[in-house]
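Asker:
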Amino acid sequence: MSENNAKKKMSFGEAWQKFGTIGIFVLLLVILAVIRPSSVFSASSVPQILKQSSVNILLALGEFFAILIAGIDLSVGSVAALTGLFTAKMMIVGVPVPLAILAGILIGTGFGFINGMLVNKTGLHPFIITLGTQSIFRGITLVLSNSRSVYGFPVSFTSLMSGSVVGIPIPVIIALIAAVILWFVTTKCKVGRNIYALGGNIDAAWYSGINVNLHRLIVFMISGTCAGLAGVVLLGRVGAAEPAAGTGFETYAIAASIIGGTSFMGGKGKIPGVVVGGLIIGLINYAMTALTLPSTYQQIVMGALIIIAVTIDTVVGRKS
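In this note's numbering, each residue's number is its place in the sequence shown (first place is 1) plus 279.
#1: With a threshold of 8 Å on Cβ separation, who are the neighbours of GLY527 within its own chain once the five nearest residues in sequence on each side are excluded?
#2: Measuring only the C-alpha atoms, how far is VAL422 from ILE560?
#3: Strictly by DSSP, which residues pair up with ALA520?
#4: Using three-state DSSP, classify ILE351 as helix, strand or coil.
#5: With DSSP as the reference, label VAL334 as helix, strand or coil.
#6: Can at least three beta-carbon pairs, one atom from the segment 477-484 and one from the segment 538-552, be found at a separation below 8 Å?
#7: Take ALA285 and list the residues in its own chain whose beta-carbon comes closer than 6 Å to its own, dropping the five residues that flank it on each side.
#8: State the Cα-Cα distance for the pair ALA458 and LYS368, rounded to the nearest angstrom.
#9: Please list the terminal residues of the continuous alpha helix (DSSP H) segment that includes ARG417.
#10: Under three-state DSSP, which class holds PRO326?
#11: For ALA583, I'd like the list of residues in its chain whose CB is within less than 6 Å of its CB, leaving aside the five on either flank, ordered along the chain.
#12: Return the first residue and the last residue of the alpha helix (DSSP H) that ARG315 is part of.
#13: Where does SER542 fall in DSSP's three states?
#14: Which residues does DSSP pair with PRO377 in a beta bridge?
#15: Check the DSSP bridge columns for ILE447 and list the partner residues they point to.
#16: Would you mind sorting PRO450 into buried or exposed? The rule is 16 or more other CB atoms within 10 Å of its CB.
#17: Determine, for LEU397, whether the minimum Cβ-Cβ distance to residues of chain D falls below 9 Å.
#18: For the segment 295-307 against the segment 513-532, do three or more pairs of beta-carbon atoms, one drawn from each stretch, fall closer than 8 Å, so that the two count as touching?
#19: Measure the Cβ-Cβ separation of GLY256 and ILE537 and say whether it is below 9 Å.
#20: For ALA483, which residues in the same chain have their Cβ closer than 8 Å to its Cβ, ignoring the five residues on either side in sequence?
#21: Using 8 Å as the threshold, is the segment 491-509 in touch with the segment 463-474, meaning 3 or more CB pairs across them?
#22: Could you tell me how far apart the beta carbons of VAL376 and PHE436 are, in whole angstroms, since I believe they sit closer than 8 Å?
#23: Do you know how far the Cα of PHE298 is from the Cα of SER281?
#24: Answer with buried or exposed for ARG601, where buried requires no fewer than 16 other C-beta atoms within 10 angstroms of its C-beta.
#25: Which residue comes first and which comes last in the alpha helix (DSSP H) that contains ILE481?
#26: Please classify GLY527: does DSSP put it in a helix, a strand, or coil?
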């Protein structure tokens, strides 16, 4: 009996990996329920939280893959802004809305391709490459927009992005569809297993016959695609293509991924956890706005959450 009990006893590391993300989410809900429930838990606030979380979830899904291979993508916020700008300009000149949306997403894929190619060809760490492209993409956004907001696109687009299906906002449905597709890729497809192997041990992956450069390229293309989709959703939510849109959103994406259980050491993480992580970030942002706290405090909270989550992940990793 004692041996069975010992086997059944769950370590802190196992408990954190299984329930850590949900635990943070529940704890946050409890705290907000005590402090000011009327500002957060109402018929109007819940859809708004979900809409705000949809952008975080989409960016975090792309960031998840970059972190999964022990890398990072710091350009996701800039890619979202630039793809949103391109989508807005295409709609303004008369490109049909569905075609403009598709083109915007594919442009995001193209930016991801550029990131992946630069990482492969230079051999530099993705941190360096995406730090540079983050600045480049943001600069292009400012130049093309002349540092001014772009608006005036078709009402059909704003109506689509502000609509809902059985009470669920369209942006949330888009984020969930993307999450389901990527969950299928990571759990049911060979490419997903190879990406996990690449993050677990790149040398072992290479010796086992996995094309490292190809899969690294695929990872950044997925990240770019998710950022492009986030840019389109953000465009619909804001109602204009803002030159500064997505500024600092890479921090939200990283925080959502790490809080969602993705390991900075690579090779570990799951899509459902990232979705919950995106909801946590969206809930924090909305709650701090509802509590009329300055935006600077939001950045302090995000930074603290990243440090705490990575510290716990590191400690758990060493013990296991």
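Built from N, CA and C at the ideal position, the CB exists for glycine as well.
If you're wondering where the values come from, they're calculated on a predicted model, not measured in any experiment.
Answerer: Reading from the atomic positions:
#1: Within the sequence shown, numbered from 1, the residue matching residue 527 stands at position 248. Here the set comprises GLY356, GLN578.
#2: Walking along the sequence shown from the start, residue 422 turns up at place 143. Walking along the sequence shown from the start, residue 560 turns up at place 281. About 31 Å.
#3: Within the sequence shown, numbered from 1, the residue matching residue 520 stands at position 241. Beta-bridge pairing links ALA520 to VAL429.
#4: Sequence index remark: in the sequence shown, residue 351 carries index 72 (1-based). In the three-state scheme derived from DSSP, where H, G and I count as helix and E and B as strand, ILE351 is classed as coil.
#5: Taking the sequence shown and counting its residues from 1, the one referred to as residue 334 is at position 55. Helix at VAL334.
#6: The segment 477-484 vs the segment 538-552: in contact.
#7: Counting from 1 along the sequence shown, the entry for residue 285 is found at position 6. The pLDDT assigned to ALA285 is 47, lower than 50, so where the model puts this residue is not dependable; a value taken from the coordinates is nonetheless given after this. Taken in chain order, the list of residues that qualify is empty.
#8: Mapped onto the sequence shown, residue 458 falls at position 179. Mapped onto the sequence shown, residue 368 falls at position 89. Taking the straight line from one Cα to the other gives about 28 Å.
#9: Taking the first residue of the sequence shown as position 1, residue 417 is located at position 138. Secondary structure note for ARG417: its alpha helix (DSSP H) is the uninterrupted segment 405-424.
#10: Against the sequence shown, residue 326 aligns to sequence position 47. Here PRO326 sits in helix by DSSP.
#11: To locate residue 583, count along the sequence shown from 1; it is residue 304. Nothing listed; no residue qualifies.
#12: Residue mapping note: residue 315 aligns to position 36 of the sequence shown, counting from 1. For ARG315, no alpha helix (DSSP H) run applies, since DSSP gives it neither H nor E.
#13: In the sequence shown, the residue the question calls residue 542 occupies position 263. If DSSP states are grouped into helix, strand and coil, SER542 belongs with coil.
#14: For this step, residue 377 is matched to residue 98 along the sequence shown. DSSP output for PRO377 lists no bridge partner at all.
#15: In the sequence shown, the residue the question calls residue 447 occupies position 168. DSSP output for ILE447 lists VAL444 as bridge partner(s).
#16: As a first step, residue 450 must be located in the sequence shown, where it is residue number 171. Classification for PRO450: buried.
#17: No chain D appears in this structure, which consists of one protein chain only.
#18: As far as the Cβ criterion goes, the segment 295-307 does not touch the segment 513-532, which means the pair count is below three.
#19: Here the chain comprises residues numbered 280 to 599, so residue 256 is not present and cannot be evaluated.
#20: Mapped onto the sequence shown, residue 483 falls at position 204. ALA476.
#21: The segment 491-509, when compared against the segment 463-474, does touch it at the 8 Å Cβ threshold.
#22: Mapped onto the sequence shown, residue 376 falls at position 97. Mapped onto the sequence shown, residue 436 falls at position 157. The C-beta distance from VAL376 to PHE436 rounds to 5 Å, short enough to fall under 8 Å.
#23: Here the question's residue 281 lines up with position 2 in the sequence shown. Here the question's residue 298 lines up with position 19 in the sequence shown. A caution first: SER281 carries a pLDDT of 48, below 50, which makes its placement in the model unreliable, though a value can still be read off. Rounded to the nearest angstrom, the two C-alpha atoms are 25 Å apart.
#24: Residue coverage of the chain in this structure runs from 280 to 599, which leaves residue 601 outside it and unanswerable.
#25: Indexing the sequence shown from 1 puts residue 481 at position 202. Following the DSSP letters along the chain, one finds ILE481 inside the alpha helix (DSSP H) bounded by residues 481-486.
#26: Residue numbering aside, residue 527 sits at position 248 when the sequence shown is read from its first letter. GLY527 falls in the coil class under three-state DSSP.
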